[in-house]
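Residue numbers for the sequence shown, in the numbering used here: 465 to 599. Here's the structure, in structure tokens; my notes come after.
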Amino acid sequence: MDNPERDVMQAQIAAKLEEVRQRRNLSNRDFVALIKSFAGDKEFSYRTYYLTMRQEQNLTLGTVALFARALEISVAELLLPPAVLEPSMKRLDVQQIKDNIARALNAFRSRKDILKKEVADLIGISVVTYYKIEQ
């Protein structure tokens, strides 16, 4: 399903990763090693990085948070271009972002009087992802 907002966000993430990689003068493999060093017990593969850079990977908010920790920036700085990024957005943690998304989705669903599945289909996510956002 086409999702222009997701496409823009994926492009933003890929561009920010590449900008930092080049600024730190790291090879792709060294950059992945850097990200892995922040992963802890969580697995992170070169394939995830590669598909992210090609904008072919749907990322979880957890993976986006991992990238942000590795780059020492906020999740919002990774997701949004500087022109639209407000200072207060930089202070939001992952749970606050999920809460804001959940509130926006529920308000939209209430206004349109549609089912959760219909909202999920409309924005191009799985129903399981929708429920994870609500938690």
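The beta carbon of each residue, even a glycine, is placed where N, CA and C say it ideally should be. Values in this document were obtained by computation on a predicted structure and should not be read as measured data.
C-alpha of residue 494 to C-alpha of residue 479: approximately 17 Å in a straight line. CA-CA distance, residue 569 to residue 526, rounds to 19 Å.
Measuring C-alpha to C-alpha distances from residue 502 to each of 533, 513, 488 and 528 identifies 533 as the nearest.
In terms of Cβ geometry, residue 583 and residue 558 do not form a close pair [threshold 9 Å]. Taking a contact as a CB-CB distance under 8 Å, the pair residue 477 and residue 530 does not count as one, their CB atoms being some 12 Å apart. Ranked by Cα distance from residue 515, the first of 564, 504 and 475 is 475. The Cβ atoms of residue 492 and residue 513 lie closer than 9 Å to each other.
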